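In what follows, a single structure is set out as structure tokens and then discussed.
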Amino acid sequence: MAQTLYFPLLLIALCSISECVQRQYHFINEKKTWTEAQRYCREKYTDLATVDNMNDMIQLMKSVNYGVNQLVWIGLQKTDVYKWHWSSGDPVFFLNWTSGDPAGSNECTVMNNGQWINEACSNTRVFICYNMSTRLVFVNQLKTWRDAQSYCRQNHTDLVTVRNQNENQQLEKFINNRSLSGSPVWIGLFRDTWQWSDNSTSSFRYWADNFKNVGINAAIQPNTQGQWADYSSDCNQISFVCHEDKLIVIQQNLSWSEALRYCRQHHVDLVSVQSVEMQYEVMNVVKLASTEAVWLGLRFSHILGIWFWLSGETVCYQNWAPGNGTSDEDCEPTVRSGAVQSGGDQTWISRPETDRLNFICRNY
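All the letters of the sequence shown, read from the start, carry residue numbers -23 to -1, 1 to 341 under mature numbering (1 follows the signal peptide of the UniProt record, and there is no 0).
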């Protein structure tokens, strides 16, 4: 039985940064080992496919036409280093282990009296899901951690994530209100040794029931909704999926005109940000920049007295920092172009086009 409560957790938003698909997927119907597929993808695209969340997985499966009846390599490989992850894909900023934990080789986590204990994933516990309508959902069913994860993903969004002390206290209160004080409850924290080929920090996993954790590379199972299993690359030559980043930060310091020329020669164009969804994608990549601001495809026309995107659109969606993007630009003696701040709120600012900054190109 599931019990729900509306709950103002910071981790939930109608369009969170992690949910905006940042990649284009390309199914390659050629038979290669995992290493050969990795080399091919790095030469032709960006890398073997990385998956951040279920939205990505849906897009990836569209590239293989859903009805795939063969094994298909993706970019996940086993390493020797254990790392903690959230099932939702959120980064791990906060840990609240009880004294002496994490101990041993257990790979999954329960909350008990507000503190965390690592347990064997095969244990059966009740659990907490969350969904995108800002709710926590208590599920009063005993399941293994992986079965609890599957239940949450099928019926809600995922197992609950806890990003800070405030969220931990709110979750503890939610559990206590269900008279579960002193009872262990699964949360979404787990650890494994798997790493994406492009060194992404994505913690999204979508293992099938026959996942054994004995192979060294991940592949999509035939005739499933994209679930994965582990295999040995040396023994299998199969098809694969590459990904191509939609946006790419170029860590060269160029003027706006030089950045424009570079993007058009090597990619498609400087990026235009015409919606909040595209701003989220920009926010995901701009953190890789080495300058305090990063050029966008945003330009001020002294003739028309307006800002416009290189795509030909006027600026409808607005994300200007205070004092920027105003009519005062018409009085500036230098040509102005638009940049996004690489830190802080990552809002847009007006800069002389001769400033030398990193920049964002688009690949589509």
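The C-beta atom is built at its ideal place from N, Cα and C for all residues, glycine as well. Owing to the predicted nature of the structure, the values given are computational and were not obtained by experimental measurement.
Output the distance between the C-alpha atoms of residue i and residue j, rounded to the nearest integer angstrom.
| i | j | result |
| --- | --- | --- |
| residue 168 | residue 84 | 5 angstroms |
| residue 207 | residue 66 | 20 angstroms |
| residue 265 | residue 157 | 43 angstroms |
| residue 283 | residue 313 | 11 angstroms |
| residue 329 | residue 51 | 43 angstroms |
| residue 130 | residue 62 | 16 angstroms |
| residue 68 | residue 138 | 10 angstroms |
| residue 132 | residue 118 | 14 angstroms |
| residue 268 | residue 301 | 19 angstroms |
| residue 281 | residue 148 | 54 angstroms |
| residue 57 | residue 170 | 6 angstroms |
| residue 104 | residue 154 | 14 angstroms |
| residue 327 | residue 315 | 5 angstroms |
| residue 250 | residue 54 | 34 angstroms |
| residue 352 | residue 121 | Summary: the structure shown does not reach residue 352, with the chain confined to residues -23 through 341, and so no result is reported for it. |
| residue 179 | residue 25 | 14 angstroms |
| residue 271 | residue 5 | 34 angstroms |
| residue 296 | residue 210 | 46 angstroms |
| residue 320 | residue 123 | 36 angstroms |
| residue 286 | residue 294 | 11 angstroms |
Going by DSSP, what residue range makes up the alpha helix (DSSP H) through residue i?
| i | result |
| --- | --- |
| residue 12 | 11 to 21 |
| residue 240 | 233 to 243 |
| residue 37 | 31 to 40 |
| residue 318 | Element bounds for residue 318: not the alpha helix (DSSP H) but the beta strand (DSSP E), 313 to 318. |
| residue 193 | It is not in any alpha helix (DSSP H) - residue 193 carries neither H nor E in the DSSP assignment. |
| residue 151 | 142 to 153 |
| residue 259 | 253 to 263 |
Go to residue i, then tell me how far its beta strand (DSSP E) extends in each direction, as first and last residue.
| i | result |
| --- | --- |
| residue 50 | 49 to 63 |
| residue 173 | 162 to 173 |
| residue 96 | 92 to 96 |
| residue 183 | Premise fails: residue 183 is in no beta strand (DSSP E) and is neither H nor E. |
| residue 104 | 102 to 108 |
| residue 216 | 215 to 222 |
| residue 120 | 112 to 120 |
| residue 337 | 334 to 339 |
| residue 89 | 85 to 89 |
| residue 208 | 205 to 208 |
| residue 329 | 325 to 329 |
Could you tell me which of the options sits nearest to residue i, measuring between CA atoms?
| i | options | result |
| --- | --- | --- |
| residue 253 | 324, 159, 331, 153 | 324 |
| residue 23 | 129, 68, 174 | 174 |
| residue 290 | 300, 92, 276, 210 | 276 |
| residue 59 | 49, 81, 114, 48 | 81 |
| residue 72 | 203, 273, 142 | 142 |
| residue 231 | 165, 273, 285, 128 | 273 |
| residue 100 | 150, 125, 319, 135 | 125 |
| residue 227 | 248, 287, 293, 278 | 248 |
| residue 303 | 319, 288, 278, 221 | 278 |
| residue 152 | 42, 92, 3 | 92 |
| residue 204 | 256, 21, 28 | 28 |
| residue 98 | 112, 135, 134, 163 | 163 |
Apart from the five residues just before and just after residue i, which ones in its own chain have a Cβ nearer than 7 angstroms to its Cβ?
| i | result |
| --- | --- |
| residue 201 | 185 |
| residue 341 | 1, 223, 245 |
| residue 190 | 207 |
With a threshold of 6 angstroms on Cβ separation, who are the neighbours of residue i within its own chain once the five nearest residues in sequence on each side are excluded?
| i | result |
| --- | --- |
| residue 94 | 75, 78, 87 |
| residue 89 | 161 |
| residue 19 | none |
| residue 221 | 1, 22, 23, 340 |
Which same chain residues end up closer than 8 angstroms to residue i when comparing Cβ atoms and leaving out the 5 residues on each side of it in sequence?
| i | result |
| --- | --- |
| residue 70 | 140, 141 |
| residue 159 | 89, 90 |
The segment 29 to 42 in contact with the segment 190 to 203 per 3-pair CB rule at 8 angstroms: The segment 29 to 42 vs the segment 190 to 203: in contact.
Segment contact, 8 angstroms Cβ cut-off, at least three pairs: the segment 209 to 227 with the segment 15 to 29: The segment 209 to 227 makes contact with the segment 15 to 29: 3 or more CB pairs, one atom from each, lie closer than 8 angstroms.
contact_flag[the segment 330 to 338, the segment 230 to 237] where n(CB pairs < 8 angstroms) is 3 or more: Contact holds: three or more Cβ-Cβ distances are below 8 angstroms.
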